[in-house]
Structure formats: C-alpha cells, structure tokens
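Residue numbers (my numbering): 1 to 300.
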Ligand code: SF4
C-alpha cells in the first residue's frame, strides 16, 4: 500500500474532526455514492466545490470508517427528546461512565439532519453520525448536571418568607399532599382527599349548567339553592355557584411544562380531579397576545 493510500481524510458531517478514513476507502465510498446519486438521484452530495469530502449521512454511517471518538459507539447513546423549547427536537444523549456528557441531534430525525438516516440503518452505524441541535439544546448537559438543580422534595421548615427548607422523602410528600394534617405547626391543612369532593360526573354537569343559568339570569340563586339543597356542601360558596365545586381549590401551577407531561397534568387536573385551575408559564405570559388577537380579530 502506498504512502498516499495511508493518508487519512477528515470527514465532514458528523463527529467533525474525529472521524478518519483511508483515502482509498473514501474514494471507494465516494464512487459508490456518486454512482447511487446518478442512478437514484437521492444522494445530495459526495464532494463539495472546494474539494472537501462531504458524505451523505447514510453513506458515512455505513462507510466502515474508523474513529477514535469514544462516544460514537451505540452503548454510549440514548435517544430522547429535547424539552428546552416547544420544538421538541429529537436528540441523542451521549453517556460516559453513567454521566450525560454531550447532546447532539438524532440523525434518524428530519428535524435534526437533512437528509436524515433511513430507519434501516442499524444503531451501531447511526452512532457514528450526529444530527444538528441548537446551543440551547446542547445546554441540556449543564441543566442535567447543575449542582443547584432541585432533586429532592423541599418542604418549608420555617415561617413563610424565612427561606428555611428541609428535604423530605417522596413517600412523605405524597402522604402529606393527599392526606393533609398539621403540616407546618400552623394548624390543619386540607389534603387532596378533603377537596376532592364532587365525584359524580353527572351531578357535576348539572351543577355547572345551573350555575351558568344563574349567571345568565335564567335561574335565581334561590331556585339554584333549592334544587341543589343536598349538595351545597360540595360548592366553594353556595352564594356564588360560579366559583364551582370545592375541587377547584386544587390549583395546578406548573412552570415550563412541555408536551407529554403537560397533557398528563391537564388530564389529571380537569378530567380526574375536576378542577378548572390549570396554569402554566404560557397561561400568563402569552395570554396578552392571545387576548389582544381575539379583541382585534374576534377569533381565537
Ligand atoms: S434543540 Fe434547541 S430548538 Fe430543538 S427543542 Fe431543544 S432548545 Fe428547542
């Protein structure tokens, strides 16, 4: 084998700067790719105008190229989703010694690599190819390993505003949230079991309809109270049926809850617990432009 054939050619497109292949291997692969492109017209590039090797991801994945990059082996890769914004990119999390050390785009996903790898490419080959992902997505490593990230349940250990906390077990947290009690030495605090009062869906519908009728002036408050005399204890305030059932005292206040968790939390709050009070980050900060849009256009 000549000296020239031993030269290594850097390959762009994935694990830049780490992946090397024999020039002979590259020429063979490029010829194969070029032939396939001519026949099928599906391969967008083999070599760019500057003469640099630019290989389609699937050719790179199956090129047999060797690499010293330690994280391009399938045992270091977990495929997941980035939830750092609404886009929910597909990502590959790279793990070393059980620790997340790098995040890149999932090369199988058209969101993160164009053209993306076909599904038939084995995981072992796909591990060599990284899709793109934005800096905020890559910062997921810092978020996951942030020493200030709250990993345990914190319970207030002083007066409100004193900023005193104690960590408690998850089991204790569930027990206190569900059953309530004198949780802070300040008297009884209701648990979820105490405010999960209205449990009959048919009665719930009837109370809601009659409450709306009172608000619209189609039913008097006295008529409402007479009709529902046996169930007034289920309401927050029988003189204000528009406040709804005691169940509404459960308020879900999430921060930036992204898709998946959001749907689950909504289902629990609305459909299981029967509370209308579900708030997220965008419930407040985005509300202004939704309201302005509706007022200007009459449409939601
Ligand atoms: S990688 Fe960037 S664009 Fe994609 S979901 Fe994460 S933060 Fe959003």
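C-beta atoms are modelled at their ideal positions from N, C-alpha and C, and glycine is treated no differently.
Around the beta-carbon of residue 255, fewer than 16 other beta-carbon atoms lie within 10 Å, marking it exposed. Taken through DSSP and simplified to helix, strand or coil, residue 251 comes out as coil. Residue 73 is positioned such that its CB atom lies no closer than 7 Å to that of residue 157.
By the rule of a C-beta closer than 5 Å to any heavy atom of the ligand SF4, the residues picked out are 82, 84, 85, 87, 89, 133, 134, 136, 137. Proximity to residue 178 across 168, 167, 188, 193 peaks at 193, based on C-alpha coordinates.
Rounded to the nearest angstrom, the gap between the Cα atoms of residue 259 and residue 222 is 44 Å.
DSSP, read as helix, strand or coil, puts residue 77 in strand. Taking 7 Å as the cut-off, the Cβ atoms of residue 91 and residue 80 count as close. Per the C-alpha coordinates, the member of 101, 76, 232, 262 positioned closest to residue 123 is 76. Look at residue 256 here: in three-state DSSP terms it is coil, with no helix or strand label. Of the residues 144, 135, 133, the one whose Cα lies closest to the Cα of residue 99 is 144.
Between residue 207 and residue 245 a beta carbon distance of about 7 Å is seen, short of the 8 Å cut, so the two are scored as contacting. The straight-line gap separating the alpha-carbon atoms of residue 182 and residue 250 is approximately 18 Å. Under the three-state reduction of DSSP output, residue 104 falls in the strand class. According to the DSSP assignment, residue 265 belongs to the alpha helix (DSSP H) that extends over 261-266.
Take residue 185, set aside five residues on each side of it, and no residue of its chain has a beta-carbon closer than 7 Å to its own.
Using a Cβ distance threshold of 7 Å, residue 274 and residue 198 count as a contacting pair.
In the DSSP assignment, residue 154 falls within the unbroken beta strand (DSSP E) covering 153-156. Excluding its 5 nearest sequence neighbours in each direction, residue 202 has no C-beta neighbour in its own chain below 7 Å. Counting along the chain, no alpha helix (DSSP H) covers residue 93; the unbroken beta strand (DSSP E) around it starts and ends at 90-96.
In the structure shown, residue 185 adopts coil according to DSSP, grouped into three states. In this structure, residue 103 lies near residue 141, with their beta-carbon atoms less than 7 Å apart. Rounded to whole angstroms, the gap between the alpha carbons of residue 299 and residue 282 is 19 Å. Beta-bridge pairing by DSSP links residue 131 to 105.
Separation of residue 278 and residue 125 (C-alpha to C-alpha, rounded to the nearest whole angstrom) is 44 Å.
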